[in-house]
Amino acid sequence: MKTGIVLVAHGSRDPEWSRPIERIAEHLRKDAPFVLIACLEHGPSLRDVIRAREGMDARIRVVPVFLGTGGHVKADLPRLVGEVRREFPALDIVLEEPIGERPAVIEAIANAIRERQG
Numbered sequence: 028m029k030t031g032i033v034l035v036a037h038g039s040r041d042p043e044w045s046r047p048i049e050r051i052a053e054h055l056r057k058d059a060p061f062v063l064i065a066c067l068e069h070g071p072s073l074r075d076v077i078r079a080r081e082g083m084d085a086r087i088r089v090v091p092v093f094l095g096t097g098g099h100v101k102a103d104l105p106r107l108v109g110e111v112r113r114e115f116p117a118l119d120i121v122l123e124e125p126i127g128e129r130p131a132v133i134e135a136i137a138n139a140i141r142e143r144q145g
């Protein structure tokens, strides 16, 4: 079974906001059968991007692109993933922890800040 990735971010009306998310997706597309971007606000919804995968035998990793675990990650995203799982029961949808909670990401951000010192 192939594993695709859906990056879920907050979203914004400002089109420049999505540039870093798009760059992350470009890097991931080298290794994943598909990488899609969903937004909680002002962009394609999780349901919309999952619907695009309907009928495909796939495992989908839903990766919250948030630095921490706030209301969207604690409440909104689990609710939305639950709704999508019920709508598309044939898909294996796995909700992961927010990317900003991972030690490697915390270290990378700290290193990027250190590089600007001096």
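Heads up: the sequence shown begins at 28 in this note's numbering, then just goes up one per residue. We put the CB at the ideal spot given by N, CA and C, even for glycine. From a predicted model like this one, the values you see are computed outputs, not experimental measurements.
{"query": "Beta-carbon gap between L73 and V100 smaller than 7 angstroms", "result": "no"}
{"query": "Cβ neighbour criterion (16 or more within 10 Å) applied to G109", "result": "exposed"}
{"query": "Option nearest E49 by Cα separation, candidates T30, Q144, G70", "result": "G70"}
{"query": "L63 (DSSP reduced to helix, strand or coil)", "result": "strand"}
{"query": "C-alpha gap between C66 and Q144, whole angstroms", "result": "34 angstroms"}
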